[in-house]
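Reviewing the structure listed below.
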Amino acid sequence: MSIDPREVVGWFDRVRRDLPWRRPEVSAWQILVSEFMLQQTPVARVEPIWRDWIARWPTPSATAAAGAADVLRAWGKLGYPRRAKRLHECATVIAAEHGDVVPEDVEVLLTLPGVGSYTARAIACFAYQQSVPVVDTNVRRVVARAVHGLADAGNPSAKRDEADVAALLPDDDTAPRFSAGLMELGALVCTARNPKCGVCPLSHCAWRTAGFPPSTAPVKKVQKYAGTDRQVRGRLMDVLRASDAPVTRAQLDVAWLTDTAQRDRALDSLLVDGLVEQTEDGRFALAGEGADAGAGAPSSGARGRMQPLRSRADNSEG
DNA sequence: GACTCGTGGTG
DNA sequence: TCACCAAGAGT
């Protein structure tokens with residue numbers, strides 16, 4: 001059982017969403033920005049942030065010239081703020097080492113901060129119309145069902161997954177639409193829950209032929225959030241984004257009152273990640289606060305990590 | 001390969 | 001209600 005690329009491309013041409021980063025005037029850098037934002041994040045939440053972002057920083061050099069703190073604020077509550085930091089670093093590398101032009105080659109793209117196997121191929125395909133397999137969670141699910149007759153994809157394996165999709169890729173200039181179409185199909189029709197098989201454009205689906213056998217995979221661990229370090233980190237980042245000036249330890253403490261050990265651990269991890277820095281007087285701020293990249297400010301977290309956290313007693317200014 | 005890293009919509 | 005899920009990357 002296989003997938004007929006013409007069915008995917010034809011369907012995509014009819015029903016494709018008019019997402020802003022799909023318009024012809026959008027640059028490779030702006031497509032790259034959308035791919036960073038879309039990592040593990042729904043389209044609806046990305047759209048407004050992406051519009052503001054590219055209006056403010058339309059090129060890699062413009063992004064690199066911004067301060068890391070401004071970048072983290074513009075990222076807002078998209079989540080996983082390490083992505084914002086990597087995007088800033090990625091802009092810096094492209095501006096400094098690639099003539100302010102997003103590389104076309106997958107192998108070169110893979111050397112950029114925050115660019116992994118999916119993002120590198122998505123840029124090569126969607127920004128530069130290359131015929132390379134683009135494998136995201138949607139594509140893996142569509143292939144698992146239509147080709148392999150399974151309810152859902154197994155554990156990700158870049159080699160195997162990319163070989164699967166490479167075998168399906170049309171050998172002509174419709175490859176980018178085919179890849180975008182597979183992703184769109186997984187996002188709109190062949191969804192994880194309640195797939196809309198009644199409107200699926202594929203005339204051959206191994207999963208349907210087999211009678212929709214249920215998943216045999218063991219139940220995945222629940223993705224907890226409430227009460228986790230991630231939630232605490234989010235609270236702390238929320239406090240820091242909201243403040244123009246560095247904040248005291250006490251101001252951070254009120255963001256998480258239930259478990260002080262966990263709070264300390266979360267703050268320390270933010271310092272390690274280079275998302276937060278400690279000022280010389282012991283207060284805390286977003287990394288790169290008050291500095292732009294042109295000043296050569298330490299946007300990596302080494303500086304913040306060098307200073308041991310001061311005790312709360314040391315810091316209780318009156 | 002297993003684990004971590006945010007946030008908010010939804011069935 | 002709350003478990004599940006969403007264009008992954010890095011360690």
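In UniProt numbering, the protein residues as written are 1 to 318.
For every residue, glycine included, the Cβ atom is placed at its ideal position computed from N, Cα and C.
(request) Helix, strand or coil for E104, going by three-state DSSP, please let me know. (result) coil
(message) So within the UniProt domain "HhH-GPD" (37 to 188), which uninterrupted beta strand (DSSP E) runs reach at least 3 residues, ignoring any that extend past its ends?
(response) none
(request) Please report how far the alpha carbon of G288 lies from the alpha carbon of K85, in whole angstroms. (result) 10 Å
(message) I need the straight-line Cα distance from L150 to T209, nearest angstrom please.
(response) 11 Å
(request) Below 6 Å CB to CB, which residues in the same chain sit around P113 once its five sequence neighbours on both sides are set aside? (result) R86, E89 and C90
(request) To the nearest angstrom, report how far apart D52 and E277 are at their CA atoms. (result) 26 Å
(request) Go through its chain and collect everything with a Cβ distance to G79's Cβ below 7 Å, but skip five positions before and after it. (result) T41
(message) Quick check on the DSSP output: the beta strand (DSSP E) that includes E277 runs from which residue to which?
(response) V276 to Q278
(request) Using a threshold of 8 Å, state whether the C-beta atoms of R160 and W207 are closer than that. (result) no
(message) For F126, count the other beta carbons within 10 Å of its own beta carbon; 16 or more makes it buried, fewer makes it exposed. Which is it?
(response) buried
(request) For L270, collect the residues of the same chain with a Cβ closer than 8 Å to its Cβ; drop the 5 residues on either side in sequence, then sort them by chain order. (result) R233, L236, M237 and V276
(message) Assuming contact is defined by CB atoms lying nearer than 8 Å, are A95 and A64 in contact in what I supplied?
(response) yes
(message) Once DSSP output is grouped into helix, strand and coil, what is the label at A295?
(response) Residue placement at A295 is poorly supported in this model, since its pLDDT is 43, which falls under 50; the coordinates still yield a value, given next. If DSSP states are grouped into helix, strand and coil, A295 belongs with the helices.
(message) Can you tell me where the beta strand (DSSP E) holding L286 begins and where it ends?
(response) F284 to L286
(request) Per DSSP, which residues does V247 bridge with? Please list them. (result) F284
(message) Please report the distance separating the alpha-carbon of P170 from that of E104.
(response) 20 Å
(message) Once DSSP output is grouped into helix, strand and coil, what is the label at V254?
(response) coil
(message) Here's the rule: buried if 16 or more other CB atoms are within 10 angstroms of the residue's CB, otherwise exposed. What is residue 319?
(response) Examination of residue 319 is not possible in this model, given that the chain is present from 1 through 318 alone.
(message) Taking the alpha carbon of D18 as the reference point, which residue from P201, V199, G181 and V222 has its own alpha carbon closest?
(response) G181
(request) Compute the Euclidean distance between the alpha carbons of residue 334 and Q251, then round it to the nearest angstrom. (result) Shown here, the chain extends from 1 to 318; a query on residue 334 therefore has no answer.
(message) Among E47, V143, A153 and L267, whose alpha-carbon lies nearest the alpha-carbon of L168?
(response) V143
(request) Starting from the Cα of V9, find the closest Cα among V71, A261, F178 and S215 and give me that residue. (result) F178
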